[in-house]
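As structure tokens, the structure follows; a few thoughts come after it.
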Amino acid sequence: MRSKQYINNLPSNDWFNFTTTDNDVGKDETVPPAVSMNLSHLIRKSASPPQEEGEETHLMNQKWTWKRIFITASITLALVGTLIGGIMAGLSSRTNHYDHQTIHNNSKCQAPISYLGNGKCDLMYNTTECNFDHGDCLPSFIPKYPNCTVDNWSWIQDNYCDGYPYNSLECGYDGGDCRIKDYPHCINIEEFDWLGDGQCDEKYNTLECGYDLGDCSEFNALYPDCTVDNVRLVGDGYCNGGAFNVEECGFDGGDCLEFNQKYGSDCNIEFPYFLADDECDGGAYNTIECNYDGGDCIEFNTQYRNCIVDNPYLVGNDVCDGPLYNTTECKFDGGDCIGDVNTGVVDDDDNFNDVAV
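Number 303 in numbering that gives the first Met the number 0 belongs to position 304 of the sequence shown; there are no gaps in the numbering.
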């Protein structure tokens, strides 16, 4: 049996044959060899070395300090080495296992099969050839729109409504950017900024779009049965004919009241402002109901009786305008189709009359 003694007084070759706890100090005890030394236990014991003075005690304390540092460093290095070795072995094994498992249907994408489409974006395979890591590096909303074909996926669901093909059923109406929160069934919006801009737009004047987000509420109250292509033209200060100049639309929102008083209801033309513009317009404009284009065609009708053409102002414009104008009634397009009167050259073109000058 060993006599009781402190750890600091042990010979160096007996170090690992002795272990104890705080309550063991001072007890005679034989410890079997090869018992593992707990590092924290050593540190705890070192806090209470023998308090004996003298050169020998000082040297022993120094020896204990260096020995403690050496043991701590050795154990730490051993653990780190073991950890690094395990990691390297694992990586080596994984690399060797997957080296030849590449995508064979695309020779340009040399990537391990297990890396592609595994739900994790691997930047080195975020390429066109690898289909952006088989979708792992694409935004999460893309699988929702498998039939969406666009050039720039980053434009989808970016809080800005882009036009076609982004704003389509296949692309979820730009990932929802072209949908209105309170009106989810208002779709196919092409001019997103037209909604709720203070002007009624007929294409969005629907229940699904909240009647242009309220812009058409007043119009619908005034003209519930008015159906026109462009609601903005109603009451814009210009008389628009046709479907606008009817009672259901308030005679173009009142813009055509003066026109109707002057020409009557029988002069219903598409562009009333063509009348009396100092240019003779044919067809429905050059009629007695419209006062021969508001008087613009009176001189023409006097000079070219029975010359019925769509654009009388082309007659006599120094250009031969074809067979409809090159008639006896129109005096051969007002003379435009009677050769070159300046040089006397006779032209054999079918649009021209061959006459001796």
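Cβ atoms here follow ideal geometry from the backbone N, Cα and C, with glycine treated the same way.
Residue i, DSSP secondary structure in three states
i	result
tyrosine 124	helix
tyrosine 114	helix
tyrosine 262	helix
tyrosine 165	coil
isoleucine 155	coil
cysteine 279	coil
leucine 313	helix
phenylalanine 270	coil
lysine 143	helix
cysteine 336	coil
leucine 206	coil
threonine 301	helix
histidine 99	In this predicted model, histidine 99 has a pLDDT of only 37, less than 50, meaning its place in the structure is not dependable; the value taken from the coordinates is given anyway. Coil at histidine 99, not helix or strand.
leucine 194	coil
alanine 242	coil
valine 308	coil
isoleucine 70	helix
glycine 252	helix
isoleucine 287	coil
threonine 226	coil
glutamate 247	helix
aspartate 295	coil
threonine 148	coil
threonine 327	coil
aspartate 173	helix
leucine 137	coil
glutamate 217	helix
asparagine 130	helix
Beta carbon of residue i nearer than 8 Å to that of residue j
i	j	result
aspartate 276	aspartate 295	yes
aspartate 173	tyrosine 182	no
leucine 115	cysteine 129	yes
tyrosine 303	isoleucine 297	no
isoleucine 268	glycine 293	no
asparagine 146	glutamate 169	yes
glycine 315	glycine 333	yes
asparagine 300	glutamate 328	no
aspartate 309	glycine 282	yes
valine 227	alanine 242	yes
proline 271	phenylalanine 250	no
aspartate 196	aspartate 214	yes
glycine 171	lysine 202	no
cysteine 238	cysteine 225	no
cysteine 185	glutamate 217	no
aspartate 194	leucine 212	The question names aspartate, but residue 194 in the sequence shown is leucine. Yes.
Identity of the residue in the options nearest residue i by Cα
i	options	result
aspartate 157	Leu168, Gly175, Pro145	Gly175
tyrosine 312	Asp280, Asp228, Ile287, Val233	Asp280
asparagine 219	Gln198, Tyr284, Cys238	Gln198
cysteine 248	Glu257, Cys319, Leu232	Leu232
isoleucine 188	Cys177, Gly195, Asp196	Cys177
glycine 209	Thr286, Cys160, Lys180, Tyr222	Lys180
isoleucine 287	Ile307, Cys108, Tyr262	Tyr262
glycine 134	Asn117, Asn204, Met123	Asn117
cysteine 108	Asn285, Gly252, Phe131	Phe131
cysteine 336	Tyr284, Ile68, Leu274, Cys319	Cys319
proline 223	Gly252, Asp121, Gly236	Gly252
glutamate 190	Cys289, Gly162, Asp121, Ser167	Gly162
For residue i, the residue or residues it bridges with in DSSP
i	result
tyrosine 182	Ile179
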